[in-house]
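This report refers to the structure that appears directly beneath it.
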Amino acid sequence: MPLAREESSPLFAGTAAGTLRLIFYLALAMVLMVLDHRNGWLWRLRYTTAIVVEPIYRLASAPADGLHAASVAFADRRMLTEQNQRLREDLLLANAKLNRMAAVAEQNQRLKELLDTQHSLELHVQMARVIGIDMGAFRHRMMINLGARDGIRAGQPVIDAHGVMGQIIDVLPNSATVMLVTDPDHALPVVIQRTGLRTIAYGSRNGEELTLPNIPMAADVRAGDKLLTSGIGGRFPEGFPVGQIDTVQPAPTGMFLEAHATPSADLDRSDEVLVLHDLAEPAGPPPPATPAGPPASDAPAPPSTASAPRVPMPTGAPLKPASAQTTGTPPT
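Quick note, the sequence shown lines up with residues 438 to 769 if you use this note's numbering.
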């Protein structure tokens with residue numbers, strides 16, 4: 438709908454005054470453009486106006502900027518939390534691997550010591566793994582993973598890289614029980630390395646030491662002396678480390694000296710042990726000699742001499758058959 442005359446813009450009015458006003462505005466605009474292009478006056482005005490108006494723009498955009506910063510901060514916090522959690526998990530995993538590597542390195546060191554012991558002593562042994570330990574007040578035992586199917590027998594000594602641990606007392610098909618040297622029921626013939634004195638080392642109830650209660654009062658025994666197996670009894674080979682004497686004092690009876698020693702073997706730390714098969718020779722009289730029979734009849738007779746006396750055969754002695762004479766078995 439066309440606008441009424443009184444509602445039309447006065448700048449574009451159809452009168453002569455409106456036309457002159459339009460021409461004036463156009464001329465002023467051209468003059469300002471030329472002055473701004475040559476002298477930069479309006480640039481300074483715009484710069485000053487921008488300085489005044491900029492806080493208004495910042496104030497108007499503050500809610501949007503705050504919301505964006507809050508979302509970014511929340512996202513960064515969540516990302517940092519997740520990253521921190523991953524780093525903690527990686528650190529725990531790395532520590533676990535490091536501890537496992539340390540345990541494996543320690544185990545390898547123990548295995549190397551066992552192998553070095555085997556090679557240096559040239560023993561016929563079997564390596565076994567400890568699968569159970571019973572360190573009560575009256576029982577100091579452990580169980581290994583070798584049994585009768587592996588050729589294990591009761592009475593075989595058990596050692597580690599540092600010394601004697603005990604002996605096998607019970608054998609099952611796939612496992613065996615070892616009585617440790619610290620068991621109250623265990624006794625081991627030992628010799629003091631420095632003086633050569635022989636005595637017996639007994640276990641104790643605390644499971645941490647050996648007791649030597651029957652040392653003569655005049656014996657030269659002092660703290661620091663090393664105990665070795667003496668080989669007496671034929672159970673343990675001679676020369677294996679057993680322990681080291683810590684204290685020496687008179688026994689309660691006053692008739693002997695009583696010593697306490699620390700075992701050489703790592704009874705509470707060894708995971709692998711060696712079972713000896715080369716047992717010492719049992720002590721006792723030599724076996725009887727095999728009886729020798731008379732010479733065989735078909736053997737060539739020695740040349741007879743005139744001076745050799747003739748020995749008559751006793752009457753009533755049965756003649757042995759040729760087979761018995763050949764083999765030399767006694768007559769039946």
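Heads up, the beta-carbon is just placed ideally off N, CA and C, and yes, glycines get one too.
Quick caveat, the model's predicted, so the values are computed rather than measured.
Between the alpha carbons of Y462 and L469 lies a gap of roughly 11 Å.
Closest by C-alpha distance to G670, out of A453, A624 and A591, is A624. A638 places its beta carbon less than 8 Å from that of L647.
For D473, there is no enclosing beta strand (DSSP E); the enclosing alpha helix (DSSP H) covers residues A453 to N476. Secondary structure in the region 578–613: the beta strand (DSSP E) runs of 3 residues or longer, each lying completely within the stretch, are 594–596 and 601–608 in chain order.
Excluding its 5 nearest sequence neighbours in each direction, M516 has no C-beta neighbour in its own chain below 7 Å.
In the DSSP assignment, M564 falls within the unbroken beta strand (DSSP E) covering V562 to M572. Non-local beta-carbon contacts of A499 in its own chain, meaning distances under 7 Å to residues more than five positions away in sequence, are absent. Boundaries of the beta strand (DSSP E) harbouring G680: P678 to P687, taken from the DSSP string.
Excluding sequence positions up to five before and after P621, its CB lies within less than 7 Å of the CB of F575, G640, S641 and R642, all in the same chain and listed in chain order. Residues V567, I570 and V615 of the same chain have their beta carbon placed closer than 6 Å to that of M579, with the five preceding and five following residues left out of the count. In this structure, L583 lies near V712, with their beta-carbon atoms less than 8 Å apart. For T486, the three-state secondary structure derived from DSSP is helix.
The alpha-carbon separation between D662 and V618 amounts to approximately 18 Å. Residue burial annotation: V489 is exposed, with fewer than 16 other C-beta atoms found within 10 angstroms of its C-beta.
By the Cβ neighbour-count rule, A698 is buried, with 16 or more other Cβ atoms within 10 Å of its own. Within its own chain, the residues whose Cβ lies closer than 6 Å to the Cβ of G680, once the five positions on either side in sequence are excluded, are L647, L664, A698, T699, P700 and S701, listed in chain order. I629 has L664 as its beta-bridge partners, per DSSP. Here H577 is buried, its C-beta having at least 16 other C-beta atoms within 10 Å. The three-state secondary structure of R642, taken from DSSP, is coil. Only exposed fits Q520, as fewer than 16 other CB atoms lie within 10 angstroms of its CB. Here the alpha carbons of N545 and A539 stand approximately 10 Å from one another.
For I637, DSSP records a beta bridge to P626. Under DSSP, L713 forms a beta bridge with V562. About 7 Å separates the beta carbon of V710 from that of I596, a gap short enough to meet the 8 Å contact definition. For the pair A506 and R523, the Cα-to-Cα distance works out to about 25 Å. Around the beta carbon of F677, a 10 Å sphere encloses 16 or more other beta carbons of the protein chains shown; the residue is thus reported as buried.
A598 and A512 have their C-alpha atoms some 59 Å from each other. The beta carbon of S707 sits closer than 6 Å to the beta carbons of D597 from its chain, once the five residues preceding and following it are set aside; these are given in chain order. The shortest C-alpha to C-alpha distance from V628 to any of V658, A464 and M602 is the one to V658. In the DSSP assignment, A698 forms a beta bridge with L647 and I682.
Looking from the CA of D683, the closest CA among M692, L649, F673 and V601 belongs to L649.
N651 is not a Cβ neighbour of T666, given a cutoff of 8 Å.
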